[in-house]
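Sequences listed follow chains A and B, in order. FYI, in our numbering the residues of the first sequence are 571 to 730. FYI, in our numbering the residues of the second sequence are 571 to 730. Down below is the structure, laid out as structure tokens.
There are 2 protein chains.
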Amino acid sequence: MDAKQLIVKSVLDGWNSRVETANKLFDSLSDEDLQKEVSPGRNRGVYLMGHLALVNDKMLPLLNFGPEQYAHLDEAFLSKPDKSMDLPSVKEVRALWKNSNAKLTEHFNKLTPDEWFQKHTSVSAEDFVKEPHRNRLNVVLGRTNHLQYHVGQVALLKKK
Amino acid sequence: MDAKQLIVKSVLDGWNSRVETANKLFDSLSDEDLQKEVSPGRNRGVYLMGHLALVNDKMLPLLNFGPEQYAHLDEAFLSKPDKSMDLPSVKEVRALWKNSNAKLTEHFNKLTPDEWFQKHTSVSAEDFVKEPHRNRLNVVLGRTNHLQYHVGQVALLKKK
């Protein structure tokens with residue numbers, strides 16, 4: 571295994587194991603639990619789950635995998651704060667989360683190590699020459715961190 | 571820049587930017603804020619800050635940089651839950667966090683890309699042949715995720 575293969579494995583293993591942990595966490599929480607705020611006055615679990623699904627969805631165009639699917643939910647989970655508008659049901663948001671991951675996994679599994687080191691779509695070809703670390707793999711690194719940030723918050727909804 | 575250099579840069583940039591964000595967050599919170607629970611009945615900010623400092627400290631032996639410095643605080647921040655014993659003052663815990671990062675940075679800056687791909691100390695030479703992704707860089711990847719998990723929780727202490 572060369573360095574590229576090794577690091578692609580590390581990054582994808584990291585992503586997959588955190589998604590798996592997030593799945594177990596969401597599955598362990600009831601719809602009622604997910605309607606609660608993670609701390610008084612803060613986001614509810616269902617908002618964070620939807621937010622994570624939307625951020626997943628936006629990786630599709632960013633990684634050049636195809637168009638996003640949930641642009642109609644941008645306001646609900648990205649541009650507006652929680653409790654400013656009606657959200658889809660918890661059941662629907664659970665499906666958004668699961669489907670967004672299934673879609674990513676399907677594309678992730680097709681890429682070769684070299685393709686992971688290609689540029690993502692929000693960096694220009696000129697800038698990529700100067701900043702070659704702005705590749706697809708780096709996006710997954712950043713998104714794994716983003717996932718963990720919110721999973722740590724949702725974990726506060728677990729019964730002690 | 572070859573693949574090794576690129577990915578070492580990505581992983582270290584990721585770590586450094588998250589530590590920087592954590593620093594700003596801790597600095598923005600008063601000692602009194604950090605004595606509060608991130609959500610009712612959960613860990614206090616000061617406990618999480620100390621916990622992160624201890625996990626940093628344990629990277630020293632794990633990455634073969636030298637002995638850990640804070641083993642005397644294992645009970646306070648690792649093996650026992652928050653509120654089971656007296657903790658050092660918030661001021662002292664702030665210093666643990668800062669010092670643990672300074673120590674890591676000092677060592678991180680000395681490693682070559684090839685050295686980042688060497689095994690960490692909790693994997694045997696035999697296992698490393700079969701599982702070469704268990705290298706030093708992979709430890710930093712995992713620890714960045716761990717940091718984010720708890721930073722997401724401490725961020726709940728910010729005034730809205």
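Even for Gly, the Cβ is constructed at its ideal location relative to N, Cα and C. Just so you know, these numbers come straight off a predicted model, no measurement behind them.
Between B:T714 and A:W686, the alpha-carbon positions lie close to 21 Å from each other. Nearest Cα to B:L576 within the set A:L707, A:Y719 and A:V724: A:L707. DSSP places A:R713 within a helical segment (H, G or I) once states are collapsed to three.
For A:T691, the nearest beta carbon of chain B is not closer than 8 Å to its own beta carbon.
With a 10 Å radius around the Cβ and a threshold of 16 neighbouring Cβ atoms, A:P702 comes out buried. A:L657 and A:Y640 do not touch by the CB rule: their CB atoms are close to 13 Å apart, not below 8 Å. Take the alpha-carbon of A:K668 and the one of B:T691: they are about 36 Å apart. Around A:V663, the same chain offers V616, M619 and G620 as residues with beta carbons nearer than 6 Å, after the five sequence neighbours per side are excluded.
At least one C-beta of chain B is nearer than 8 Å to the C-beta of A:Q718. Counted as a single uninterrupted DSSP element, the alpha helix (DSSP H) harbouring A:L632 occupies residues G615 to L632. DSSP places A:P683 inside the alpha helix (DSSP H), whose first and last residues are P683 to W686.
In this structure, the straight-line span from the alpha carbon of A:N679 to that of A:N671 is close to 12 Å. Against chain A, the CB of B:T675 has no partner CB under 8 Å away; the residue lies outside that interface. A straight line joining the alpha-carbon of B:A695 with that of A:S587 spans about 25 Å. Residue environment analysis places B:E638 among the buried positions, since at least 16 neighbouring C-beta atoms fall within 10 angstroms of its C-beta.
Rounded to the nearest whole angstrom, the C-alpha separation of A:G584 and B:G712 is 7 Å.
Distances from the CA of B:E676 to each of B:L630, B:K730, B:S580 and B:D572 were compared; the closest alpha carbon is that of B:L630. Contact annotation: A:L582 and A:N626 have beta-carbon atoms that are not nearer than 8 Å. A:R706 is outside the set of residues whose beta carbon lies under 8 Å from a beta carbon in chain B. C-alpha of B:N705 to C-alpha of B:D572: approximately 18 Å in a straight line. Listed along the chain, the chain B residues whose CB falls inside 7 Å of the CB of A:T682 amount to none; the nearest CB is some 13 Å away. Interface annotation, A:N593: not in contact with chain B, CB-CB separation never under 8 Å.
Annotated three-state conformation of A:N705 is strand, per DSSP. For the 8 Å CB-CB criterion, B:L632 and B:V709 form a contact. Inclusion of A:S598 and A:K728 in the CB contact set at 8 Å is warranted, their separation being smaller than that value. At a cut-off of 8 Å, the C-beta of A:L576 has a neighbouring C-beta in chain B.
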